[in-house]
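Take a look at the structure set out below.
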Ligand code: CMP
């Protein structure tokens with residue numbers, strides 16, 4: 007597949023393009039530029055100028071902000087079907103956060119001009135973007151609440167609940183997170199790796215949390231998928 011020749015099938019699994027017909031998808035496919043990145047690559051840094059937004063065809067990225075002393079806060083982890091980098095195209099401000107790959111990625115880049123054109127021409131795509139931005143503000147509100155009012159254990163539960171979106175084979179009563187390291191969990195919760203290791207042990211001991219490889223299994227009643 008050439009870099010400009012994004013296949014229509016690849017676009018069908020992207021929620022942003024749900025409800026679009028074959029003709030629309032084929033037009034959009036012509037605008038998207040496929041870009042591959044290895045794991046741990048910087049897609050862009052906070053504060054730089056934005057010219058493209060990205061759809062994740064495959065892989066995983068983290069959205070991060072840095073403290074002055076170099077600690078990293080992960081705001082969100084995005085996977086296949088998600089999009090990022092839309093904000094600075096919409097408001098022409100610098101990038102609000104950095105984006106780094108946590109797995110090898112296939113991204114589909116869309117230029118500012120083409121993204122804005124798509125929003126103007128397709129009410130369906132526009133509504134999907136607005137819906138997703140609303141979901142993200144809700145999520146950010148919940149993070150603000152948890153950071154102010156919860157201790158590390160409560161925040162860890164909250165992050166794990168939010169990330170537990172997959173079916174867990176063999177565990178009908180649980181939902182699984184993506185594979186995630188203690189360091190990533192610490193950077194999401196806003197604490198040290200050592201503290202996370204202790205809290206994870208406690209949550210397992212109490213029976214609330216189970217682990218399968220690097221995936222965490224949360225009771226289905228507590229999981230709050232999108
Ligand atoms: P932009 O500001 O262009 O570049 C950084 C991107 O990170 C931003 O667009 C959004 O796509 C994404 N982003 C920033 N803040 C959040 C957040 N709180 N939750 C989810 N995604 C975010």
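Residue numbers (our numbering): 7 to 232.
Idealized CB from N, CA, C, for every residue including glycine.
A distance of 8 angstroms or more separates the beta carbons of residue 100 and residue 139. If you check the CB distance, residue 50 and residue 104 come in under 8 angstroms. A direct Cα-to-Cα measurement between residue 165 and residue 156 gives close to 12 angstroms. By the criterion of at least three beta-carbon pairs nearer than 8 angstroms, the segment 141-155 is not in contact with the segment 169-187.
Only residues of its own chain outside the window of five on either side were considered, and among them 86, 112 have a CB closer than 6 angstroms to the CB of residue 64, listed in chain order. Nearest C-alpha to residue 78 among 14, 128, 196: 196. Those residues that bring their Cβ nearer than 5 angstroms to a heavy atom of the ligand CMP are 56, 69, 81, 82, 90, 91, 93, 94, 101, 102, 103, 142, 146. By the criterion of a C-beta distance shorter than 8 angstroms, residue 94 is surrounded in its chain by 55, 56, 100, 101, 102, once the five residues flanking it on both sides are discounted. Leaving aside the five residues that flank residue 70 on each side, the residues in its chain whose CB is nearer than 7 angstroms to its CB run, in chain order, 78, 79, 80, 81, 103, 104, 106. Per DSSP, residue 162 is one residue of the alpha helix (DSSP H) stretching across 158-169. By the CB criterion at 8 angstroms, residue 35 and residue 22 fall outside the cutoff.
Within the segment 52-96, no complete alpha helix (DSSP H) segment of 4 residues or longer occurs. For residue 74, the number of other beta carbons within 10 angstroms of its own is below 16, and it is reported as exposed.
Scanning its chain for C-beta atoms nearer than 6 angstroms, with the 5 sequence neighbours on each side dropped, one finds around residue 109 the residues 45, 65, 66, in chain order. By the criterion of a C-beta distance shorter than 8 angstroms, residue 91 is surrounded in its chain by 49, 50, 56, 58, 59, 60, 101, 105, once the five residues flanking it on both sides are discounted. Between residue 158 and residue 205, the gap from beta carbon to beta carbon is short of 8 angstroms. Taking the Cβ atoms as the reference, residue 120 lies roughly 15 angstroms from residue 26, outside the contact range of under 8 angstroms. Per DSSP, residue 107 is one residue of the beta strand (DSSP E) stretching across 104-107.
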